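Below: the structure, in structure tokens.
Number of protein chains: 2
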Amino acid sequence: MPEFFNVLPPDDARALLLEHLTTILPGETIPTHESNGRVTSEAICAPQALPAFRRSTMDGYALRAADAYGASESLPAFLQVIGEVPMGRAADVQLGSGDAALVHTGGMIPDSADAVVQVEHTQRIGGDTEVNQPYEIEVFRSVAQGQNVLQVGEDVTMGAEILPGGHLLRPQDMGGLLALGITSVKVSWKPRVAIMATGDEVVAPNQETGPGQIRDINSYTIAGLVAQAGGIPVYCGIIQDDFEALKRAAAEALSNNDMLVMSAGSSVSTRDMTVKVIEELGEPGVLLHGVATRPGKPTIVGTVGAKPVLGLPGNPVSAMVQFDMFGTPAIYRLQGVAVPPRRGLVWAKLSQNIASESGREDYIPAKLEDAAEGLLASPVFGKSNLIYTLVNADGLIKVPLNKGGLLAGEWVEVRLF
Amino acid sequence: MPEFFNVLPPDDARALLLEHLTTILPGETIPTHESNGRVTSEAICAPQALPAFRRSTMDGYALRAADAYGASESLPAFLQVIGEVPMGRAADVQLGSGDAALVHTGGMIPDSADAVVQVEHTQRIGGDTEVNQPYEIEVFRSVAQGQNVLQVGEDVTMGAEILPGGHLLRPQDMGGLLALGITSVKVSWKPRVAIMATGDEVVAPNQETGPGQIRDINSYTIAGLVAQAGGIPVYCGIIQDDFEALKRAAAEALSNNDMLVMSAGSSVSTRDMTVKVIEELGEPGVLLHGVATRPGKPTIVGTVGAKPVLGLPGNPVSAMVQFDMFGTPAIYRLQGVAVPPRRGLVWAKLSQNIASESGREDYIPAKLEDAAEGLLASPVFGKSNLIYTLVNADGLIKVPLNKGGLLAGEWVEVRLF
Chain A
1 MPEFFNVLPP
11 DDARALLLEH
21 LTTILPGETI
31 PTHESNGRVT
41 SEAICAPQAL
51 PAFRRSTMDG
61 YALRAADAYG
71 ASESLPAFLQ
81 VIGEVPMGRA
91 ADVQLGSGDA
101 ALVHTGGMIP
111 DSADAVVQVE
121 HTQRIGGDTE
131 VNQPYEIEVF
141 RSVAQGQNVL
151 QVGEDVTMGA
161 EILPGGHLLR
171 PQDMGGLLAL
181 GITSVKVSWK
191 PRVAIMATGD
201 EVVAPNQETG
211 PGQIRDINSY
221 TIAGLVAQAG
231 GIPVYCGIIQ
241 DDFEALKRAA
251 AEALSNNDML
261 VMSAGSSVST
271 RDMTVKVIEE
281 LGEPGVLLHG
291 VATRPGKPTI
301 VGTVGAKPVL
311 GLPGNPVSAM
321 VQFDMFGTPA
331 IYRLQGVAVP
341 PRRGLVWAKL
351 SQNIASESGR
361 EDYIPAKLED
371 AAEGLLASPV
381 FGKSNLIYTL
391 VNADGLIKVP
401 LNKGGLLAGE
411 WVEVRLF
Chain B
1001 MPEFFNVLPP
1011 DDARALLLEH
1021 LTTILPGETI
1031 PTHESNGRVT
1041 SEAICAPQAL
1051 PAFRRSTMDG
1061 YALRAADAYG
1071 ASESLPAFLQ
1081 VIGEVPMGRA
1091 ADVQLGSGDA
1101 ALVHTGGMIP
1111 DSADAVVQVE
1121 HTQRIGGDTE
1131 VNQPYEIEVF
1141 RSVAQGQNVL
1151 QVGEDVTMGA
1161 EILPGGHLLR
1171 PQDMGGLLAL
1181 GITSVKVSWK
1191 PRVAIMATGD
1201 EVVAPNQETG
1211 PGQIRDINSY
1221 TIAGLVAQAG
1231 GIPVYCGIIQ
1241 DDFEALKRAA
1251 AEALSNNDML
1261 VMSAGSSVST
1271 RDMTVKVIEE
1281 LGEPGVLLHG
1291 VATRPGKPTI
1301 VGTVGAKPVL
1311 GLPGNPVSAM
1321 VQFDMFGTPA
1331 IYRLQGVAVP
1341 PRRGLVWAKL
1351 SQNIASESGR
1361 EDYIPAKLED
1371 AAEGLLASPV
1381 FGKSNLIYTL
1391 VNADGLIKVP
1401 LNKGGLLAGE
1411 WVEVRLF
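One line per chain: the protein sequences are A and B, in this order. Our numbering numbers the first residue of the first sequence as 1 and each following residue consecutively. Our numbering numbers the first residue of the second sequence as 1001 and each following residue consecutively.
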């Protein structure tokens, strides 16, 4: 436990946590079309080529490219259209030399053709005739072999690895799997994240508050962030500031779930109690206590076995910012995602100076507005750690570790939040 | 219908659609802690002040600032600690001149105190004594009136509008509501979005494909995007390329749902049929057919009554990009959101030249990689419109309308996708 009570830079602290998360949750098989946001638990290979047949990318005529060689507006090629390939059917037209077949975008190309000429570069001779009767066309452009044709396997070849294990599935990934007829997929369990509020002053949101009491909101803001990262929030209620009660509740929550988040309270004594509880839950226990960041310096990060345990500061802004910093990547890692999805960022021009301290990474709630010179970011005022600074914000301005502040007019990175 | 067959720039096209969406869906009341991602259907005001009582922001001693006036290391002030304010309880200690009370972070401040001095700036005289016995402290710093104290209403004043109508709720917003005891909230219905695939060549994903046949994937990729925007996808299956069948199915889908999305097929004839169907569904019908963008030029955008109807190109990449461009903002607008949430963007250095055409907005699938010089964006190769170009991509590079292309080494905007 060498890092205990060291205040680590946030990136190092996160890396330390993640390297202790060595166990990926088991897999379960679910329908592919319900897999958005889930994580593959094994690599998936293509059971067939895609496309499975040669397809036209244009409305036009399938032909042998040699038959339109040198064709131009002034010297068109003349071809005989001997049939049509209907959509969704085999292209069973046999083209001889000088023959063509009408094809639609996405339709199959006859074996005997090697290119498609767009309908816009042709003209039918003699106008419309009876259906299914051969007719002649003039072709005004030459085409290369393979032009306007999707080849078999051009999207995916048979047997190719289409997705690695640990891949966070998006709508296009579901589409890619379904195109190959892969209608079910093995994904990691959704991590169950136990959420516990502590504090003698905390009451449930549906309670009236007496003097000195506040309502529990951290359980619900954290639950929202858990769900956004693909976890299942499990509410464990409000535990009084009592070592034995907290230890008992924490041990039970941890044994039934994959991760534990405690709102560690605001005072030094409650935080110390949380540290002791995590230490007693099992090895390795507390990995670090304190992160060089504001808000959220007194965050406690630990693991018990390979299950992450977080002790978040009690104030609501710190709790959310710190969960975003440690909890969200942990939930992805439990599912086997090596690199969490990139955050939504925007660049904006800072409306006023922001003071900070070098050696500390600050996150300042900010409002974004479209202005004449581009996006404008204005810090949201108010004493730090008030929940409405986040309610009134569109994102967080990051003041990097090595900067003593930011200047009005600078372009800054704003993390959408 | 003056815009019909005009190819509009994407921003103008989207504005045209949104200005026709004049009806906001009705509201329903749901538990606040389940409201993440929903949209408020009316403004919400604070039923009480937050905080409801004066709170300490530090572990320390509540006192009268005047009693520590001028205190310093060399000339400390001496105060008598006559009690402690327990967490979650009223501060019923009465401070006389020269008195102080022990308070914890988040605890209530006695009426008779006007500031808090941090415990780190004090020292207890004579060490620990029995619990509940008064003791003396030295105070080494003066404090201003109000220092380390959160005033009543400093986060929110009673009666203040805390959220407007049409606000997309995030975890912090749930927290802000619950802090005030607002445990239920009126939100717009989740829009029901009917999704219909068309094409004689299209079969369900669980079917074997014969020659010329492909599996329906657009229904599922679009469903994923619908859900991400807060809508409820309603699968309407695969409709054959038959005008009457399509019209009947579309009319039924539209009457049972709040929005209709058709995969309009790939060939000119299927697209024309979709246009005719939308025209016959009701007024105003087709608003525009064609957007100055690639992929996705032949997109059809319409409204029937105030319900949006989209005819998406049949190829899967165009369908997704165009749904993102029109469908996602429409779903937000139906719920009353004036400005959809800002997209996740990153800035990256382009790995190679990209050709485009001025007057057209292009979206190029790209892979992102961390490189020595920052984030690097590399276009994903492959004929356009193959689903695996999107599967293999992390985002889309936008080539703005007025640019003829982008140069290797340029910093470009990549929309996470």
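Think of the CB as a built atom: it goes at the ideal place given N, C-alpha and C, for glycine as much as any other residue. Everything numeric in this text was worked out from a predicted model, so none of it was measured.
- If you draw a straight line from the Cα of B:D1362 to the Cα of B:H1104, it comes to about 58 Å.
- Taking a contact to require three or more Cβ pairs closer than 8 Å, the region 1187-1197 of chain B and the region 1254-1268 of chain B qualify as touching.
- Contact between B:S1351 and B:A1377 holds, since their C-beta atoms are separated by about 6 Å, short of 8 Å.
- DSSP, read as helix, strand or coil, puts B:R1271 in helix.
- With contacts defined as CB atoms closer than 7 Å, A:R360 and A:R294 qualify as a contacting pair.
- Residue state for B:P1329 is assigned as helix, using DSSP reduced to three classes.
- When rounded, the separation of the alpha-carbon atoms in B:E1357 and B:G1404 is 5 Å.
- Sequence-distant Cβ neighbours of A:R14 in its own chain, meaning closer than 7 Å and more than five residues away, are M325, F326, P329.
- Rounded to the nearest whole angstrom, the CA to CA distance from B:A1179 to B:D1173 is 10 Å.
- When secondary structure is reduced to three states using DSSP, B:E1084 falls in the strand class.
- Under DSSP, B:I1044 shares a beta bridge with B:L1163.
- Of the residues B:G1224, B:A1245, B:P1316, B:Y1061, the one whose Cα lies closest to the Cα of B:Y1235 is B:G1224.
- Annotated as distal: A:A113 and A:V143, with beta-carbon spacing of 7 Å or more.
- For B:K1186, the enclosing beta strand (DSSP E) stretches over residues 1184-1188.
- Contact holds between the region 31-47 of chain A and the region 151-163 of chain A, because three or more Cβ pairs, one in each stretch, are under 8 Å apart.
- Note that the region 1092-1099 of chain B touches the region 1074-1084 of chain B; at least 3 beta-carbon pairs, one per stretch, sit closer than 8 Å.
- Considered as a whole, the region 1214-1246 of chain B harbours 1218-1228 as its complete alpha helix (DSSP H) runs of no fewer than 4 residues, in chain order.
- Within the region 1338-1366 of chain B, the complete beta strand (DSSP E) runs of at least 3 residues fall at 1345-1350.
- In this chain, the alpha helix (DSSP H) harbouring B:E1019 covers 1010-1020.
- At the C-beta level, B:K1398 and B:E1410 stay beyond 7 Å of one another.
- Residues of the region 1302-1326 of chain B that bring their beta carbon within less than 7 Å of a beta carbon in chain A comprise G1314, P1316, M1320, in sequence order.
- DSSP places A:E279 in the helix class (H, G or I) of the three-state scheme.
- Its chain contains L1407, A1408 as the residues whose beta carbon lies nearer than 6 Å to that of B:N1353, once the 5 sequence neighbours on both sides are disregarded; these appear in chain order.
- Under the DSSP definition of a beta bridge, B:E1201 lacks any partner.
- Of B:E1280, B:A1100, B:T1221, the smallest CA-CA separation from B:A1250 is found for B:E1280.
- Within the region 1082-1118 of chain B, the complete beta strand (DSSP E) runs of at least 3 residues fall at 1099-1103, 1115-1118.
- DSSP, reduced to helix, strand and coil, places B:G1296 outside both helices and strands of the structure shown, so it counts as coil.
- Among the CB atoms of chain B, none fall inside 7 Å of the CB of A:N132.
- Between A:H121 and chain B, the shortest Cβ-Cβ separation is not below 7 Å.
- Per DSSP, the unbroken alpha helix (DSSP H) holding B:T1389 starts and ends at 1387-1391.
- Taking a Cβ-Cβ threshold of 8 Å, the residues of chain B close to A:D241 are M1087, in chain order.
- The beta carbons of B:G1126 and A:I217 sit no closer together than 7 Å.
- Within the same chain, Cβ atoms closer than 7 Å to the Cβ of B:P1308 are found at L1017, L1021, M1259, A1330, the five residues on either side in sequence being excluded.
- Legend: CB atoms of the region 1153-1175 of chain B lying less than 8 Å from CB atoms of chain A belong to residues E1154, D1155, V1156, I1162, L1163, R1170, P1171, Q1172, D1173, M1174, G1175.
- Within the region 1076-1110 of chain B, the residues whose Cβ lies closer than 9 Å to any Cβ of chain A are, in chain order, V1085, P1086, M1087, G1088, R1089, A1090, A1091, D1092, H1104, T1105, G1106, G1107, M1108.
- Closer than 7 Å to the CB of A:Y332 there is not a single CB belonging to chain B.
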